[in-house]
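So for the sequence shown, the working numbering puts the first residue at 254; every next one is plus one.
We treat Cβ as the ideally placed atom computed from N, Cα and C, and that holds for glycine.
Just so it is clear, the structure is predicted and the values come from calculations on it, not from any experiment.
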Amino acid sequence: MAGMRNVSDAGEALLPGMPKRLLRASPKSLADFSDCPRRYRYANVDRPTPARGPRFAHHTVGTALHKVLSSWWDLPVEKRTPGAARQLLYADWTPAGFRDTEQSDRWRARAAGWLTDYVAGLDPTEEPRARERTVSTMTERMTLSGRVDRIDERGDELVVVDYKTGRSVCTDDEACGSQALALYVLAVRRTMRRPCSRVELHHVPSGTVAAFDHTERSLANHARRAEDIAVDITDATERMAAGEDPDAAFPAVPGTQCGWCDFRPSCPTGQAAVPARETWSFLPEDDAAAG
Ligand code: SF4
């Protein structure tokens with residue numbers, strides 16, 4: 254584009270002749286741009302970051318389970334019991350996003366039941382290689398980093414484990430199709446310098462595992478698609494830095510997701526598209542029977 258300046262991913266001008274800075278990206282930021290470029294801009298470009306909406310109850314449940322499934326391994330081996338997992342959950346629980354205390358308490362008990370069953374299937378002596386570990390890699394266009402829930406060591410290989418806490422049981426096709434998991438494999442290889450090709454989705458509520466063993470070809474396909482997104486993000490960022498209307502460079506893609514988008518309070522397009530969802534509306538409807 255004529256007159257376009259060389260800019261970093263943060264929109265800073267670079268001097269002529271300087272090498273372009275690589276885009277700093279994560280699987281989440283790439284997914285945000287694919288879903289709605291404006292949401293990407295709100296989260297990664299605009300500063301100060303625009304106001305976000307309230308917390309959703311299903312996020313509270315997911316965050317609590319993730320936290321316990323990491324901190325449980327910090328306990329001495331003999332204390333890694335299902336009961337200890339329940340205690341950790343109860344100690345850290347918050348009612349954020351729930352309709353009322355009664356609903357929060359019911360879901361805390363339900364999540365504790367899931368944890369009890371899941372943890373009972375773990376061998377407390379088989380410590381994962383890493384938990385909540387940030388891994389990163391680099392491509393032609395970006396540095397990419399993200400945090401992996403758990404990295405297991407199985408023989409010579411490392412395995413990427415991602416906890417899922419939603420209502421749907423995961424499938425092997427999801428494990429295969431997840432760009433985030435494929436990128437984590439590449440980042441684990443680079444960061445930990447060990448072979449890694451298997452990804453697993455551990456659905457905590459059902460205790461089921463969906464898995465996929467990546468090939469070099471499947472990883473290359475995911476990496477190529479991620480690189481294409483990085484090119485589009487860099488292009489949009491440069492156009493905005495060159496003076497293009499931010500809403501044109503990063504267009505809104507309104508849809509049902511605007512009902513629960515984090516940035517809905519800052520986005521007139523999203524507000525006009527659909528009504529806001531209640532913050533507890535993603536809890537399964539049969540929650541009255543839970544506990
Ligand atoms: S509310 Fe909708 S249109 Fe606005 S940023 Fe979020 S997803 Fe995009």
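query = Under 6 Å from any heavy atom of ligand 1, does the C-beta of P507 make it?
reply = Sequence index remark: in the sequence shown, residue 507 carries index 254 (1-based). Yes.
inquiry  = On a Cα-Cα basis, can you pick out the residue from V298, G512 and L276 that is closest to S534?
reply    = The residue given as residue 534 occupies position 281 in the sequence shown. Closest option to S534, Cα to Cα, is G512.
inquiry  = What I want to know is whether the C-beta of A529 ends up closer than 6 Å to one or more non-hydrogen atoms of ligand 3.
reply    = The model on display carries ligand 1 but not ligand 3.
key: Spatial neighbours of P448 in its chain, beta-carbon cut-off 8 Å, leaving aside the 5 residues before and after   = Position 195 of the sequence shown, counted from the start, is the residue given in the question as residue 448. So the qualifying residues of the chain are D409, E410, L411 and R442.
task = Kindly examine ligand 1 and report whether one of its heavy atoms sits closer than 6 Å to the Cβ of R292.
result = The residue you call residue 292 lines up with position 39 of the sequence shown. Yes; taking the cut-off as 6 Å, the Cβ of R292 has a heavy atom of ligand 1 nearer than that.
request  = Tell whether a beta-carbon distance below 7 Å holds between A487 and L439.
outcome  = Against the sequence shown, residue 487 aligns to sequence position 234. Against the sequence shown, residue 439 aligns to sequence position 186. The amino acid at residue 487 is misidentified as Ala; the sequence shows Thr. The answer is no: Cβ separation not under 7 Å.
inquiry  = Which of the three DSSP states is assigned to S388 in this structure?
reply    = For the purposes of this step, residue 388 is taken as residue 135 along the sequence shown, with counting starting at 1. Reading off the sequence, residue 388 comes out as Val, not Ser. DSSP places V388 in strand when its eight states are reduced to three.
task = Classify G336 as buried or exposed, calling it buried when 16 or more other Cβ atoms lie within 10 Å of its own Cβ.
result = Looking up residue 336 in the sequence shown gives position 83. Classification for G336: exposed.
inquiry  = Less than 7 Å between C-beta atoms, sequence neighbours within five positions excluded: which residues of the same chain meet that for H319?
reply    = Walking along the sequence shown from the start, residue 319 turns up at place 66. If we look at H319 and ignore the five residues flanking it on each side, its Cβ neighbours are D402 and Y416.
inquiry  = How far does the beta strand (DSSP E) with K417 in it extend, from its first residue to its last?
reply    = Reading the sequence shown from its first residue, position 164 is the one you call residue 417. Looking at the DSSP string, the run of the beta strand (DSSP E) that includes K417 is E410 to K417.
query = For E531, does the three-state DSSP call read helix, strand or coil?
reply = Mapped onto the sequence shown, residue 531 falls at position 278. Note: E531 maps to coil in three-state DSSP.
message = Quick check: the Cα distance between K273 and F465, rounded to an integer number of angstroms?
response = Position 20 of the sequence shown, counted from the first residue, corresponds to residue 273. Position 212 of the sequence shown, counted from the first residue, corresponds to residue 465. Cα-Cα distance, rounded: 36 Å.
ask   = Can L472 and R394 be called in contact, C-beta distance under 7 Å?
value = In the sequence shown, the residue the question calls residue 472 occupies position 219. In the sequence shown, the residue the question calls residue 394 occupies position 141. It is not a contact, given that the beta carbons lie outside the stated cut-off.
inquiry  = Among S459, R420, E453 and L436, whose alpha-carbon lies nearest the alpha-carbon of A428?
reply    = Your numbering for residue 428 matches position 175 in the sequence shown. It is E453.
request  = Under 7 Å Cβ to Cβ from T418, same chain only, skipping five residues before and after it: list those, please.
outcome  = Taking the sequence shown and counting its residues from 1, one reaches residue 418 at position 165. So the qualifying residues of the chain are V314, G315, L318, V457 and P458.
Per-residue DSSP class, three states only, for E220 = Here the chain covers residues 254 to 544 and nothing more, so residue 220 does not appear.
query = So, using beta-carbon positions, are T387 and R400 closer together than 7 Å?
reply = In the sequence shown, residue 387 corresponds to position 134, counting from 1. In the sequence shown, residue 400 corresponds to position 147, counting from 1. In this structure, R400 lies closer than 7 Å to T387 by Cβ.
query = Heavy atom of ligand 1 less than 6 Å from the Cβ of Q510, yes or no?
reply = Here residue 510 refers to the residue found at position 257 of the sequence shown. For ligand 1, at least one heavy atom lies less than 6 Å from the Cβ of Q510.
request  = Going by CA-CA distance only, name the one from R478, V527, P307 and L397 that's closest to G430.
outcome  = Here the question's residue 430 lines up with position 177 in the sequence shown. Per the Cα distances, R478.
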